[in-house]
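Q:
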Amino acid sequence: MTITPEPLLKKPAFTPTRKMRVVCIGAGFGGLMIADKVQHELKLEDEIDLTIYDRNADIGGT
389 MTITPEPLLK KPAFTPTRKM RVVCIGAGFG GLMIADKVQH ELKLEDEIDL
439 TIYDRNADIG GT
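Residue numbering for the sequence shown follows my numbering, beginning at 389 and increasing consecutively.
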């Protein structure tokens, strides 16, 4: 028995009308990596407005 996968939709199921607001708590390694992925690897800077908050004045974690 062969199972044939369903074809992917040609048109996206949802088209956003404005940027999605995303908040990252902490400017440590994880916060900086998500910012890098959104901006460079995933190229989502046009779709996502990312804000990073940290309790310290400097970045990079403790």
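Where is the CB? At the ideal position from N, CA and C, for every residue including glycine.
Note that the coordinates shown come from a computational prediction; the quantities given were computed from them, not determined experimentally.
Do C412 and L438 come within 8 Å of each other at the CB atom, strictly closer than that value?
A: Contact: yes.
Q: Measuring straight from C-alpha to C-alpha, what distance separates D434 and I440?
A: Those two C-alpha atoms are separated by around 17 Å.
Q: I'd like the list of long-range same chain contacts for V410, defined as Cβ closer than 8 Å, with 5 residues on each side in sequence excluded.
A: V426, I436, D437, L438, T439.
Q: Using the C-alpha atoms, what's the distance from G448 back to T403?
A: When rounded, the distance between both Cα atoms is 35 Å.
Q: Taking the beta strand (DSSP E) that L438 falls in, what are its first and last residues?
A: That run of the beta strand (DSSP E) goes 436 to 441.
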